[in-house]
Each structure stands twice: as C-alpha cells, then as structure tokens.
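2 protein chains.
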Amino acid sequence: MRVTIKDIAKKVGVTPATVSMVINNSPKISQETKDRVLKAIKEMNYHPNYIGRSLVKGKTNNIAVVASFFASLFALEAVRGIEFNLRKTPYNLILYSTKGMDENEDDLLERILYERRADGVIIISLKAKKELMDEFKKEGVAVVFLEELIEDFPTVKFNNIKAAFLATEYLIKNKRKNIGLIVGNKGMNAEERLHGYKEALSKHGIEFNSELVHTVVDYSFEDGEKALNSLLEKSKKLDAVFCAAGDITAIGFMDAAKEKGINIPDDIAIIGFDDVYIANLTTPALTTIRQPIAKMGMQSFDLLLEVIEGKEESEKKIISFEPELIIRESV
Amino acid sequence: MRVTIKDIAKKVGVTPATVSMVINNSPKISQETKDRVLKAIKEMNYHPNYIGRSLVKGKTNNIAVVASFFASLFALEAVRGIEFNLRKTPYNLILYSTKGMDENEDDLLERILYERRADGVIIISLKAKKELMDEFKKEGVAVVFLEELIEDFPTVKFNNIKAAFLATEYLIKNKRKNIGLIVGNKGMNAEERLHGYKEALSKHGIEFNSELVHTVVDYSFEDGEKALNSLLEKSKKLDAVFCAAGDITAIGFMDAAKEKGINIPDDIAIIGFDDVYIANLTTPALTTIRQPIAKMGMQSFDLLLEVIEGKEESEKKIISFEPELIIRESV
DNA sequence: CTATTTTTGTTTTACGATAACTTTTTTTAT
DNA sequence: ATAAAAAAAGTTATCGTAAAACAAAAATAG
C-alpha cells in the first residue's frame with residue numbers, strides 16, 4: 182500500500198494534522214518535531230497525493246491547453262513554448278484536442294469547465310462562445326486566449342494586420358501588380374490578414390480584386406496546389422502571392438508552380454507566413470513573415486498564471502507580438 | 182458555488198448516495214427515482230467532480246506522456262497519434278517534457294509515480310532505470326514504452342535493424358562503396374540502426390570502417406552540416422550516407438553539400454529516416470525510411486489501456502512496426 | 001506568583017463522491 | 001394472512017489532505 186500522511190503520523194507519534202503542517206512548513210510546529218517528521222517522510226518515501234490535496238484546496242495545479250493539433254503546426258509550437266515556462270512552476274499540462282471538429286469545441290470546453298480538471302485554460306486559435314467563456318469566469322477558472330480574441334478576456338495575439346501589410350507592401354515595392362492572397366476561411370486571423378492586405382493595396386493605389394483572394398480550409402500542402410490552379414484560372418497576370426495561410430501552403434504552392442514550369446520568383450513571387458523550420462530549406466528559400474509562436478506560447482502561460490493568481494490588471498490584458506519580414510529568395 | 186451531488190440530493194429529496202448510484206447507473210434504483218434525479222441533474226447543470234471521484238476510486242483517468250519534446254519531431258508526432266485514440270476514451274492526456282535534460286528524467290518519473298497523477302504512462306524514447314520502473318509496477322501504475330525497450334515491460338517499437346539494413350543495402354545496390362552513417366549517440370535506436378548498417382555491409386562483403394560513423398546529439402539541422410564536414414575530412418571517397426539520425430539532419434547535410442558544390446545524388450547519395458512531412462519537398466526529394474510514428478503512438482495508447490485494464494497477456498507484449506523504404510531522388 | 005501570551009499540538013470538520021452495509025418497503029410464496 | 005425473499009433506498013465510513021477551532025504546556029509580564 183502507498184504511504185500516506187497517516188502512516189507518517191503514526192510512526193512519529195503525532196497526528197496527521199501535524200504532519201500536514203510540517204509539509205506545508207507551518208511556523209506553528211517546532212523545529213524538533215519538524216525534523217522528526219521530515220526524517221520519517223524520507224525514510225518511508227512519502228509523497229503527498231495531489232488528489233487529496235486538490236480536493237480540499239479546490240485547486241488542481243493543472244493547466245489545460247485546448248487546440249486543434251491537427252489543423253496546423255501553430256498549436257504544437259505554442260505548446261512547446263507553454264511547456265517551457267510551465268516546467269518552472271508546479272503546474273502540469275493537460276492537452277485537449279478538438280481534432281479540427283468545431284462542433285466538439287463547446288462540449289470539450291464544457292467538460293473541462295465542469296469536471297474541474299484544470300485551474301486555467303489556454304485556448305489556441307479557437308472561437309469559443311462568449312456565454313460559455315463567461316461561465317468559466319463565473320466558476321473561477323482562468324482563461325487566456327492565444328490568437329483568437331474575445332471581449333473582456335486576456336489574449337496573446339500577433340499583429341496580423343501589420344504582418345499582412347508588410348508582406349503585401351514588400352511585394353508592391355518589388356513592382357508586383359497582381360498580388361494574390363491565400364488565406365484561411367475562418368477566424369479572426371484570416372480577417373485581419375485580409376485587412377492588412379487590403380490596406381497595403383489601397384495605400385499604393387492598387388484596386389482590391391476579390392478574385393485574387395483564395396480561401397483555404399486545411400492550411401495544408403495540398404491547399405497550395407489548389408490555390409495556384411484557382412488563382413491562375415482567374416488571373417493570367419498573377420505575378421505575386423502572399424500566402425497568409427502559412428508556410429506549408431506556400432511551399433505547396435511553390436511545388437505546384439515548379440511542376441507547371443512557373444519560375445519563382447521571376448514569374449510569380451511568393452511570401453509565406455509563420456517562418457516554420459523548413460522555410461529556409463526550400464529552393465528558392467521562402468521569404469516569409471516570422472511569427473514568434475513559441476514565445477507567444479510562453480507569454481500566454483505567464484499571463485494565465487497572473488490571472489490564476491488573481492492579478493486584476495491581467496484579466497483584460499492584451500499582449501501583441503509584432504511581425505518581422507524575413508527576406509530570402511522567393512521574391 | 183458549484184453544484185454538488187448533495188444539492189441534487191436535497192432538491193430531489195433523496196440521499197447523495199442515491200444520486201451517485203443514478204449517475205453510475207446502478208440497477209438498484211427504480212426507474213422512477215432515476216428519472217427524477219436525472220431531471221434535477223439537468224436542471225441544475227450538475228457535473229461530477231472528477232477529483233472527488235478520483236479520491237475514492239483511486240483512479241485519475243489521466244494518462245501521462247513523458248518525452249523530450251525538444252529533441253525531435255518524433256515525440257510530437259507520437260503524441261498526435263496517442264491523442265487520436267485517447268479522445269475516444271474517458272482519459273485525459275498529461276504531457277511531461279524532460280527538455281532533453283536526462284538528469285531530470287528520473288525526478289520527473291518519480292514525481293509522476295508518487296503524486297499519482299496518472300493511471301498509466303507512455304514513455305517515449307527515454308531510457309529509464311529498471312528499478313524505478315519496477316516501482317511503477319509495484320504501485321500499480323501501468324507503463325508502456327515507445328521506442329525504448331526495458332525488460333519485462335510492454336513496448337511499441339520500430340524495426341530499426343531492418344530499417345537500417347534496407348537503407349544501407351539500397352545504397353550498396355546503387356553501387357556505392359563508401360557509405361557513411363550518421364546516427365544518434367544514445368539509446369537503443371542508435372545501436373540498432375548501427376547494427377542494421379553493419380549487417381548490410383557484411384552481407385555484401387564490405388568492411389566496416391568506424392571512421393565513417395558520425396554520431397550526433399541533437400538530431401538537428403546543424404548536425405547535418407557538421408556531419409558532412411567531419412565525414413569528408415575522414416574519407417575523400419565518401420559516396421553515400423545513411424542518415425539514421427532523421428530527415429532533418431539529412432536535409433541539413435544536403436543543404437551543406439549544396440553549398441559546397443557537391444551534387445546529390447551524383448557525388449553523394451543520401452537516405453534519411455522517418456519520412457517527415459518535408460522530405461518530399463526538398464530538391465532533390467529525399468529518399469528515406471518511413472516510420473509510422475502516429476500509428477505507433479496510437480498503438481502504444483491502446484496497449485497502455487490493455488495494461489491498465491489488467492490484461493495479463495499485454496503486460497509484456499512487444500509490438501513491432503516494419504520499415505518501408507520510400508524511394509525518391511536523393512539516391 | 002498569578003495572569004496573560006506564546007508556542008506547540010490535537011480535535012474536528014470538510015472537500016465530493018462512492019462502496020459496503022442497513023433498513024425499509026414491496027412482492028412473492030406458502 | 002404471514003413469513004420469507006427481493007427490491008429500493010437510506011446510512012455510514014472512507015479516500016488523503018488541510019484548515020479552523022480548540023487545548024495544553026511553556027514562557028513572559030506585572
């Protein structure tokens with residue numbers, strides 16, 4: 182059987198409460214008793230059971246991360262960042278994946294909320310219902326959003342508008358006139374990136390043409406190929422693409438272009454998004470927007486911790502990360 | 182305040198025990214009472230608290246996955262597989278990362294064991310001490326290893342020997358005589374891959390030359406460049422490399438070769454390992470060994486479940502996955 | 001040298017749910 | 001009609017820990 186606080190108490194000849202106080206380093210226990218208890222704890226190889234502790238404290242010491250790990254690399258990279266900072270704390274990391282099925286999302290969040298499996302939740306790139314989120318608040322479960330913004334909730338974000346603006350403008354400055362946009366079909370990111378794209382066009386007096394916007398669902402490699410075909414069909418003059426749907430899709434685009442005998446960057450220039458690991462391994466190396474995903478993950482964890490600890494000023498904090506254009510060879 | 186079983190009991194006019202039995206669908210409760218309780222549960226939006234339940238049941242319904250998510254893509258991909266199957270069960274996934282610091286490993290495992298945070302553990306690519314693992318067994322915490330093998334514990338493995346054999350033999354059949362090996366510096370994988378490499382050489386009457394073996398610590402892109410330099414220094418005649426340290430390192434090798442003006446595959450042929458996403462996006466596309474990592478993850482979870490459920494025959498089961506050589510352009 | 005603190009523990013209760021036991025009610029058998 | 005059996009629901013104890021309330025001994029004050 183496993184060693185409990187009672188066993189220690191019996192061995193030392195004190196009550197369980199005393200042992201508990203020693204463990205929690207209460208000043209009410211004499212050093213002599215502490216030493217005796219500590220010695221017994223070591224000898225009997227006692228470790229506190231977190232379930233018992235959780236029950237009485239109303240705290241799990243768990244952090245939940247909810248995301249669709251099958252939709253993109255973003256969530257995985259963010260988790261790495263979260264884990265990096267979490268390791269320095271007594272918290273544990275529970276992973277919940279929606280598998281890209283958005284219908285599950287609410288169920289999943291409800292489950293997390295009502296089963297009280299975590300003290301805080303980081304929600305990555307998911308659009309959650311405001312009412313449900315308010316429930317979290319009411320029940321005292323901390324929430325931080327990563328990438329998606331919900332009113333009155335703390336968020337870690339990327340400046341997508343500026344990112345798209347930078348990329349598009351860079352293409353314009355490279356004398357490109359017919360700039361396609363490949364972008365996701367949902368979420369705030371997509372809207373913002375579209376917005377930045379439009380802004381750059383308008384600033385430079387280029388008329389927005391909705392035919393040049395191709396929306397994408399999976400952010401997959403294959404989506405890149407589809408995008409190429411669809412865009413070429415609509416515009417023979419296409420001379421550049423900003424692939425706001427991520428580097429993987431951009432690489433798919435490049436690959437398909439190569440097969441068609443289209444030269445990149447001479448015929449069509451392309452800019453990706455994220456700067457994933459492989460972006461500088463392609464030929465030509467992909468010019469892209471760098472998004473510091475892991476750092477954003479770390480930050481979101483730190484922010485969550487503040488909310489859990491009850492820092493008022495953190496409860497509506499919005500932390501924004503700025504984009505960086507990584508210039509390589511694809512433009 | 183949150184709704185507990187007592188609130189339901191009071192509302193319906195029964196005792197908490199009755200409510201509990203309804204929740205657990207005990208046959209001892211009349212349908213009429215069940216209906217009334219169920220109705221109240223819905224009305225009051227009651228959800229069982231898993232901590233209370235865990236305490237009395239001695240079961241957490243959590244699965245822990247321990248790995249170094251910073252060393253390679255393997256662990257991340259495996260987690261995806263694990264999560265895929267886990268979602269069909271009532272279990273939750275807790276992630277523990279060693280951050281590649283092996284000293285932490287034992288501490289981490291001890292913590293998992295003694296805090297009883299999980300009913301079962303999947304250990305990925307980590308060499309754990311047999312004695313510590315025996316403690317898990319003694320304490321009734323199920324363990325499954327993925328990729329690393331420990332006597333008397335269930336394991337999901339890849340046939341590394343055959344994989345290395347296949348790759349090396351393919352190079353030999355391509356008339357390559359001086360075949361380098363890039364391989365990790367620790368773990369059973371590395372040994373097995375070295376073994377398969379030697380076997381292929383010996384079968385075809387090529388003498389093993391330890392100078393052609395380059396060991397690597399990080400499995401990183403940069404390691405590939407280092408490997409190229411080191412191998413070329415030792416052998417001018419190098420005409421092929423089997424990069425058993427993974428595709429990323431192989432791509433690093435290719436990249437460095439390109440810079441040096443070495444043609445792949447004409448001057449040096451290369452075969453990677455894993456078949457990660459990007460292996461077919463490089464130029465030339467990388468010939469590699471496909472390892473069904475996600476499937477191995479799923480399988481390891483299924484196996485763990487069997488062990489948790491007490492299936493005797495699963496307790497020492499070793500499941501092996503067979504390699505597949507994916508022929509592309511780098512040989 | 002008594003009265004008051006301070007120090008050091010102990011008792012008691014609680015967290016939320018469940019399992020084992022008991023009691024009450026209903027049904028069935030004789 | 002009454003005992004025995006079965007069904008339904010209620011009681012109590014428990015999981016491991018911690019916090020609040022309480023108690024005794026030791027130390028300090030006046």
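Residue numbers (our numbering), protein chains in the order written: chain D, 182 to 512; chain P, 182 to 512.
Even for Gly, the Cβ is constructed at its ideal location relative to N, Cα and C.
DSSP state of residue i mapped onto helix, strand, coil
i	result
residue 468/P	strand
residue 356/P	coil
residue 243/D	strand
residue 506/D	strand
residue 445/P	coil
residue 457/D	coil
residue 249/P	coil
residue 511/D	coil
Cβ separation of residue i and residue j, assumed to be a contact under 8 Å, to the nearest whole Å
i	j	result
residue 337/P	residue 480/P	5 Å
residue 184/D	residue 218/D	With 8 Å as the limit, residue 184/D and residue 218/D do not qualify as a contact, their Cβ atoms being about 13 Å apart.
residue 323/D	residue 287/D	No, residue 323/D and residue 287/D are not in contact; Cβ-Cβ is about 19 Å, not under 8 Å.
residue 145/D	residue 504/D	This structure does not reach residue 145/D, given that chain D is present from 182 up to 512, and the question cannot be answered.
residue 398/P	residue 361/P	Going by Cβ atoms, the distance from residue 398/P to residue 361/P rounds to 17 Å, so no, they are not a contact pair.
residue 447/D	residue 358/D	The pair is not a contact, with the Cβ atoms about 15 Å apart (cut-off 8 Å).
residue 389/P	residue 306/P	Actually they do not touch by this definition, with Cβ atoms about 26 Å apart.
residue 345/D	residue 425/D	6 Å
residue 482/D	residue 266/D	5 Å
residue 277/P	residue 244/P	Residue 277/P to residue 244/P, Cβ: 11 Å. No contact.
residue 209/D	residue 197/D	The pair is not a contact, with the Cβ atoms about 15 Å apart (cut-off 8 Å).
residue 311/P	residue 331/P	6 Å
Boundaries (first-last residue) of the beta strand (DSSP E) holding residue i
i	result
residue 184/P	That residue, residue 184/P, is in no beta strand (DSSP E); it is neither H nor E in DSSP.
residue 210/D	Counting along the chain, residue 210/D falls outside any beta strand (DSSP E), and DSSP gives it neither H nor E.
residue 423/D	421–424
residue 410/P	Taken as a continuous stretch (DSSP letters only), residue 410/P belongs to no beta strand (DSSP E), being part of the alpha helix (DSSP H) at 402–415.
residue 397/D	394–397
Host alpha helix (DSSP H) of residue i (start-end)
i	result
residue 203/D	197–204
residue 258/D	254–267
residue 430/P	428–440
residue 476/P	474–489
residue 495/D	No alpha helix (DSSP H) contains residue 495/D, which DSSP labels as neither H nor E.
residue 194/D	Here residue 194/D belongs to no alpha helix (DSSP H), and DSSP marks it neither H nor E.
residue 231/P	231–238
Near the ligand ATP: residue i beta-carbon under 8 Å from a heavy atom
i	result
residue 193/P	In the structure shown, the ligand ATP is absent, as is every other ligand, since no ligand is present at all.
So if I threshold CB-CB distances at 7 Å, which residues from the segment 431–442 of chain P count as touching chain D?
Listed by position along the chain: 432, 436.
Give, in chain order, every residue of the segment 297–329 of chain D whose Cβ lies closer than 7 Å to some Cβ of chain P.
Listed in sequence order: 297, 298, 320.
Just list the beta strand (DSSP E) runs in the segment 354–390 of chain D, keeping only unbroken ones of 3 residues or longer that don't cross its boundaries, in chain order.
360–365, all fully within the segment 354–390 of chain D.
Give the list of continuous beta strand (DSSP E) stretches no shorter than 3 residues that lie fully inside the segment 263–342 of chain P.
Here the runs fully enclosed are 273–278, 301–305, 323–327, 336–339.
Which residues of the segment 459–473 of chain D have a Cβ closer than 8 Å to any Cβ of chain P? Give them in chain order.
Result list: 459, 462, 463, 464.
Positions along the segment 258–284 of chain D whose CB lies within less than 8 Å of some CB in chain P
Taking 8 Å as the Cβ-Cβ cut-off against chain P, the residues of the segment 258–284 of chain D that qualify are 260, 261, 264, 265, 268, 273, 274, 275, 276, 277, 278, 280.
Scan the segment 234–245 of chain D for residues whose Cβ lies nearer than 8 Å to a Cβ of chain P and list them as they occur along the chain.
The segment 234–245 of chain D vs chain P, Cβ under 8 Å: 235, 236, 241, 243.
Which residues, taken in chain order from the segment 220–233 of chain D, show a beta carbon closer than 9 Å to some beta carbon of chain P?
The segment 220–233 of chain D vs chain P, Cβ under 9 Å: 226, 227, 228, 229, 230, 231, 232, 233.
The segment 182–202 of chain P: positions lying closer than 8 Å to chain D by Cβ:
Answer set for the segment 182–202 of chain P: 183.
Output needed in chain order: residues of the segment 391–406 of chain P with a Cβ under 9 Å from some Cβ in chain D.
Of all residues in the segment 391–406 of chain P, only 402 come within less than 9 Å of chain D when Cβ atoms are compared, listed by chain position.
Please name the residues in the segment 344–357 of chain D whose beta-carbon is closer than 7 Å to at least one beta-carbon of chain P, in chain order.
Answer in chain order: no residues at all.
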